[in-house]
Amino acid sequence: MKLGIVGVTGMVGRVMIDILEKRNFPLDKLYLSASDKSIGKTFLFKGKEHKIISIYDFFSKKPNIVLFSAGSDFSKKWAPKFAKIGSKVIDNSSAWRMDINKKLIVPEINSSFLEKEDKIIANPNCSTIQLVMVLYPLHLKYHIKRIIVSTYQSVTGTGMKALNQLKKEKQGVSLSYDKTTYPHPIYQNVLPHCDSFTKGGYTIEEMKLINETKKIINDENIAITATSARVPVIGGHSESVNITFSKKPNIKHIYKILSKTKGIIVQDNPEKNIYPMPLYAHHKDEIFVGRIREDLSYKNSINIWIVADNLRKGAATNTVQIAEYLINKK
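In our numbering, the protein residues as written are 16 to 345.
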């Protein structure tokens, strides 16, 4: 098994290497690629140094599986080329997510949809993954009619430059905000602005949440609205979610369903100040759920709080899990 990572120097790419090693992914050869300025640099994997090579050298290796984390433009150019030579591409960008001919996969939900002919597989947006992991088992039992979600997203979701902006602001470094990742200070601030704004007033991030959720759950009739904010946090994304069902939910049964769902940990004991927080979700692969309660203002509805490390289950872990499924399916 020959596996490669494209975009290995980015925040997600680095986590991919860590997860592959910790999960003891069965591979014989590991190939790494990144931008030209990174060629020759090395990463340690299972005690052995692996050099970053150019995308052209990487392509010539004909890896069986390629994990892409290099942006949409790069993926649109290179993913079809790898697919043509027989590689399976699992892409972290938004390039293929809403393509009607591409599968958008969260293994715990819809990995069974994958077929031999699927050469390019889309990994969902980070905030979408943690949301649908919780929604899907509830949808199967109670049928969701409407979702209102507000997200509080870590700066790590924007990348290394955003993280550096936060660190510099915390240190008191004077910055020119026409050149920074965010147009305003992020330290001690909240920006109701994740990605670019669309003509309708929603951001691209918010539209990803709406459209990807419907595709993964496989129900276009669910009404969804979203607001996404960037917060000065490093550990992960948090989501406040209001869910309306077709019938009255039983809160104890909701607890039971989520407690039994693989990949979800329920943390919900407010009397003892136990609830999910990004500080404690950091470096973990699970989705953490709490503050589960009935909505007192609207029938058949609940409120819920969801937290996850956006670089792990929100990106790298989910990608590796898809790769594991492909291997096990053979």
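Using N, Cα and C, we set each Cβ at its ideal position, and we do this for glycine too.
- For TYR352, which of ILE302, ARG306, ASN318, ILE279 has the nearest alpha-carbon? No answer is possible for residue 352: the residues shown for the chain start at 16 and end at 345.
- Task: Check whether the region 242-250 touches the region 279-298, counting contact only when three or more Cβ pairs, one atom from each stretch, lie closer than 8 Å.
- Result: yes
- Quick one: measure Cβ to Cβ for ASN325 and GLY172, integer angstroms, because I've assumed they're closer than 8 Å. 5 Å
- Query: By the 10 Å Cβ neighbour count, where 16 or more other Cβ atoms means buried, how is HIS154 classified, buried or exposed?
  - Reply: buried
- Message: Does the region 260-269 come into contact with the region 311-322, if we say contact requires no fewer than three beta-carbon pairs (one atom in each stretch) closer than 8 Å?
- Response: yes
- On a CA-only basis, which of GLY215, TYR217, GLY62, VAL170 is nearest GLN203? Give me that one, please. VAL170
- Does the region 270-279 touch the region 224-236, meaning 3 or more C-beta pairs lie closer than 8 Å? no
- Task: Determine the DSSP secondary structure at THR240, reduced to helix, strand or coil.
- Result: strand
- Task: Could you tell me which residues DSSP pairs with THR57 in its beta bridges?
- Result: LYS66
- Task: Measure from the alpha carbon of ILE163 to the alpha carbon of each residue in GLY86, ILE239, ILE342, then state which is nearest.
- Result: ILE239
- Task: Please state whether DSSP places VAL23 in a helix, a strand or coil.
- Result: coil
- Based on Cα-Cα distance, which residue from LYS185, VAL23, LYS223 lies nearest to LEU146? LYS223
- Item | Buried or exposed by the 16-neighbour rule on C-beta atoms within 10 Å, applied to LYS176 | exposed
- Using a Cβ-Cβ cut-off of 8 Å (strictly less than) and excluding sequence neighbours within five positions of THR228, which residues of its own chain qualify? THR143, LEU146, VAL147, LEU150, ILE162, ILE237, ILE239
- Between VAL104 and ILE135, which are expected to be in contact by the criterion C-beta below 8 Å, what is the C-beta distance as a whole number of angstroms? 5 Å
- Do you know offhand how far PHE212's Cα is from LYS61's? 43 Å
- Task: Using only alpha-carbon positions, find the residue among LEU181, SER90, VAL81 that is nearest to LYS17.
- Result: VAL81
- Report buried or exposed for GLY25, applying the criterion of at least 16 other Cβ atoms within 10 angstroms of its Cβ. buried
- Query: Nearest CA to the CA of VAL281: which residue from VAL304, LYS287, SER127?
  - Reply: VAL304
- Confirm, please, whether the CB-CB distance from GLY28 to SER84 is below 8 Å. yes
- Quick one: which unbroken alpha helix (DSSP H) runs of 4-plus residues sit fully inside the region 246-329? Chain order, please. 266-274, 293-296
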